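Sequence positions in the sequence shown follow my numbering and run 178 to 914.
Below is one structure, written out as structure tokens; comments come after it.
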Amino acid sequence: EVYFKNLSKQKQKEVMEKNGNNHKLRVCVATCNRADYSKLAPIMFGIKAEPQFFELDVVVLGSHLIDDYGNTYRMIEQDDFDIHTRLHTIVRGEDEAAMVESVGLALVKLPDVLNRLKPDIMIVHGDRFDALALATSAALMNIRILHIEGGEVSGTIDDSIRHAITKLAHYHVCCTRSAEQHLIAMCEDHDRILLAGCPSYDKLLSAKNKDYMSIIRMWLGEDVKTRDYIVALQHPVTTDIKHSIKMFELTLDALISFNKRTLVLFPNVDAGDKEMVRVMRKKGIEHHPNFRAVKHVPFDQFIQLVAHAGCMIGNSSCGVREVGAFGTPVINLGTRQTGRETGENVLHVRDADTQDKILHALQLQFGKQYPCSKIYGDGNAVPRILKFLKSIDLKEPLQKKFCFPPVKDNISQDIDHILETQSALAVDLGGTNLRVAIVSMKGEIVKKYTQLNPKTYEDRLALILKMCVEAASEAVNVNCRILGVGISTGGRVNPREGIVLHSTKLIQEWSSVDLRTPISDALHLPVWVDNDGNCAALAERKFGHGKGIENFVTLITGTGIGGGIVHQHELIHGSSFCAAELGHIVVSLDGPECLCGSQGCIEAYASGIALQREAKKLHDDDLLLVEGMSMKEEEIVSAAHLIQAAKLGNTKAESILRTAGTALGLGILNILHTVNPSLVILSGVLANHYLNDVKDVINRQALSSVKTVDVVVSNLADPALLGAASLVLDYTTRRIY
178 EVYFKNLSKQ
188 KQKEVMEKNG
198 NNHKLRVCVA
208 TCNRADYSKL
218 APIMFGIKAE
228 PQFFELDVVV
238 LGSHLIDDYG
248 NTYRMIEQDD
258 FDIHTRLHTI
268 VRGEDEAAMV
278 ESVGLALVKL
288 PDVLNRLKPD
298 IMIVHGDRFD
308 ALALATSAAL
318 MNIRILHIEG
328 GEVSGTIDDS
338 IRHAITKLAH
348 YHVCCTRSAE
358 QHLIAMCEDH
368 DRILLAGCPS
378 YDKLLSAKNK
388 DYMSIIRMWL
398 GEDVKTRDYI
408 VALQHPVTTD
418 IKHSIKMFEL
428 TLDALISFNK
438 RTLVLFPNVD
448 AGDKEMVRVM
458 RKKGIEHHPN
468 FRAVKHVPFD
478 QFIQLVAHAG
488 CMIGNSSCGV
498 REVGAFGTPV
508 INLGTRQTGR
518 ETGENVLHVR
528 DADTQDKILH
538 ALQLQFGKQY
548 PCSKIYGDGN
558 AVPRILKFLK
568 SIDLKEPLQK
578 KFCFPPVKDN
588 ISQDIDHILE
598 TQSALAVDLG
608 GTNLRVAIVS
618 MKGEIVKKYT
628 QLNPKTYEDR
638 LALILKMCVE
648 AASEAVNVNC
658 RILGVGISTG
668 GRVNPREGIV
678 LHSTKLIQEW
688 SSVDLRTPIS
698 DALHLPVWVD
708 NDGNCAALAE
718 RKFGHGKGIE
728 NFVTLITGTG
738 IGGGIVHQHE
748 LIHGSSFCAA
758 ELGHIVVSLD
768 GPECLCGSQG
778 CIEAYASGIA
788 LQREAKKLHD
798 DDLLLVEGMS
808 MKEEEIVSAA
818 HLIQAAKLGN
828 TKAESILRTA
838 GTALGLGILN
848 ILHTVNPSLV
858 ILSGVLANHY
868 LNDVKDVINR
878 QALSSVKTVD
888 VVVSNLADPA
898 LLGAASLVLD
908 YTTRRIY
């Protein structure tokens, strides 16, 4: 808060001087229904809290004033807002003509209201037909318009309405980076676009820990438990009313068969809504013991209901937007939200044409818990929007300017109109150290934290959470927007579930560990987990020698031997997540014992632990130290001493390193003959020492078809952290929904 105030003081002073020292910005907020009020209310509270800058006028119209939809204007009064004007604008009917007539009625009534209020700016939300009437009236009366949630894509007539409002609006507040890019592509002036996030997330991200059981019991009954009920919210699709009614009927049949307590909310005011209500009554939903049918739930209570539900089903934008903040499973039915960005908690049933499909989706989703998603906001939208409002210069020309192609580069605006760098929190769990870093999209390590890796599970997890929270807080100060958390760890990992299945002996108490859930819950961020060898391969694919290479293999030569295989640009995990355990390729039937329990593995020859073992043997036989070397009495013998001895001419040390390099070369030879990559990347502290031996083995023993393969040493300083970061950066920026 102090940071925001200090940054905004000078700009506010300049704008007040431009607009006239005593002039407050007169803001008209018009709300049409319960859904848009949930987005507008946080902004209204923010405006009301700063009377020295703003005057607020509230206009209520649309379904707020209809008894069948809960007379939701009352919640505006309960929030202690003075309603300046109530406009009855809904023409009752069940077809498209009624919607058109409602727009016309609003257009007839609004000019008188706007003439009396004379606002400096009108805030309009979303994509409803009521909002189109508001924007049309304001634009024709030369009133500046701030449009909330423009640039998004859903897939129905709402898209056309939303984009029409965008063309009428003078200023735009969008929720996601792709929405921002859509606005730019629509030739809107980038200087008038603010990427703020969704205002409702300012409430959502602080709401989950409130007393919720009393709310659940009030709406669903005394005997209901958390994660054991369903919230259903489905609206008619105005471009295909008949099909959407049939889909709603199938949904109710599936819910009845699924036999779980369900809260069903009445649909929006749209063509076809009355027919949907008739379907509910025909099936006896209002009197069914498993169902509670309600016209309206206050937003604060609705948040708690969806946050602790076993599942949400329907086609409401709330399901694909707000519910992701809690990781609650969602089943999105039909095409009404096609094109929306969604978290992994959303399962789409595009063609919901049978009861069995919907029932199967319920069986798949019910009771799961997904990572919390921040696609649509980080909880700081309102301060950004208020700062944006204060920056508006009323002396600027009212006429809009359109920025026709070529479009500006990908530049984004945050609270200070400065680019917030898209970044990831990267975590590296090594055998000795635990490291956390803020890594930018370009692979720059902005900030790094290092601690000794605790020996117990409880201490290790507590330290990970503590370091991640500190790093996430610091990200704000270094102007980084954290997209998620990527974790690189030793052992066998199930990346789909974020679970460490089985660990190496280097990391104790680290088997069957769910890393995703506690970290995601603590940070409200999506979390990805993978094996350290796979992460090294991902780092090379995004930032290193593997960039643009279709097929390559990475080997890490460090304390152990690991690696990752990239085939046709994708990482290979295998059927039981055991692919690319390259350190355990056997190169000798009677070789030294490996930590895995086998004999003759590459790791038993070429790992740091193996070299340390051989160095100790030489030291015990007084064969390690040569002229130019010295060791303190208490100093622990390590692989570094063996390498130093070899450099100083110790023939036995040279022989051990040559054997290790040959073993590694034989393992790589097997890889070349199995997956035929075009590139092999050696990574880790021992890579340079093995490079020539590996190339020699390939030249001597490889088939002629693979002898030309490139073998190079990685140029990445921190592949584990960069790989963990790329888990986040690749996924969040390339995923297509």
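All residues carry an ideal CB built from backbone N, CA and C; glycine is no exception.
The structure displayed is predicted, hence computed values, not measured ones.
- Counting only unbroken stretches of 3 or more residues, the beta strand (DSSP E) elements lying wholly within the stretch 385 to 455 are 406 to 410 and 438 to 442, in sequence order.
- Between Val871 and His850, the C-beta spacing is not below 9 Å.
- Excluding the 5 residues flanking it on each side, Asp555 has same chain C-beta neighbours closer than 8 Å at Gly374, Tyr378, Leu382 and Arg658, in chain order.
- Put simply, the stretch 450 to 463 touches the stretch 410 to 427. At least three CB pairs are less than 8 Å apart.
- An exposed status is given to His679, since fewer than 16 other beta-carbon atoms sit within 10 Å of its beta-carbon.
- Residue burial annotation: Ala714 is buried, with at least 16 other C-beta atoms found within 10 angstroms of its C-beta.
- Where Ala470 is concerned, there is no enclosing alpha helix (DSSP H), although the beta strand (DSSP E) around it starts and stops at Phe468 to Val471.
- Counted as a single uninterrupted DSSP element, the stretch harbouring Cys755 is not any alpha helix (DSSP H), since DSSP gives it neither H nor E.
- In the structure shown, Arg561 falls within a helical segment according to DSSP collapsed to helix, strand and coil.
- Counting only runs of 3 or more residues that sit fully inside the stretch 326 to 392, the beta strand (DSSP E) segments are 348 to 351 and 370 to 372, in chain order.
- Taken through DSSP and simplified to helix, strand or coil, Tyr626 comes out as strand.
- Three or more beta-carbon pairs separated by less than 8 Å link the stretch 282 to 301 to the stretch 255 to 274, which places the two stretches in contact.
- The beta carbon of Val526 sits closer than 8 Å to the beta carbons of Ile508, Asn509, Leu510, Gly511, Lys534, Ile535 and Ala538 from its chain, once the five residues preceding and following it are set aside; these are given in chain order.
- Assigned with DSSP and collapsed to three states, Gln789 falls in helix.
- About 7 Å separates the Cβ atoms of Ile569 and Ile298, confirming a contact at the 8 Å cut-off.
- Here Val803 has Ala822, Leu825, Gly826 and Asn827 as same chain residues with Cβ atoms under 7 Å from its own Cβ, once five neighbours each way along the sequence are excluded.
- In chain order, Ile392 place their CB closer than 6 Å to the CB of Gln478, counting only its own chain and leaving out the 5 sequence neighbours on each side.
- By the C-beta criterion, the stretch 771 to 784 is judged not to be in contact with the stretch 853 to 862, since fewer than 3 inter-stretch pairs fall below 8 Å.
- By the neighbour-count criterion, in which 16 or more other beta carbons inside 10 Å mark a residue as buried, Met808 falls on the exposed side.
- For the options Asp400, Gly328, Gly303 and Leu291, the alpha carbon positioned closest to that of Asn319 is the one of Leu291.
- Here the alpha carbon of Gly247 sits roughly 11 Å from the alpha carbon of Leu442.
- Considered as a whole, the stretch 690 to 765 harbours 704 to 708, 729 to 734 and 738 to 744 as its complete beta strand (DSSP E) runs of no fewer than 3 residues, in chain order.
- Counting only residues of its own chain and dropping the five nearest sequence neighbours on each side, Ala529 has a CB closer than 6 Å to the CB of Met424, Leu510, Gly511 and Ile535.
- When secondary structure is reduced to three states using DSSP, Asp798 falls in the coil class, being assigned neither helix nor strand.
- Our two residues, Tyr547 and Val704, have alpha carbons roughly 10 Å apart in a direct line.
- For the pair Asp405 and Gly544, the CB atoms are nearer than the 9 Å cut-off.
- Among the bridge pairs identified by DSSP, Thr598 is matched with Cys657.
- Residue pairing from DSSP leaves Phe230 without any beta-bridge partner.
- Beta-bridge analysis with DSSP links Thr208 to Val237.
- Sixteen is the threshold: when 16 or more other Cβ atoms of the shown chains lie within 10 Å of the Cβ of Pro376, as they do, the residue is buried.
- The DSSP-derived three-state label of Ala781 is helix.
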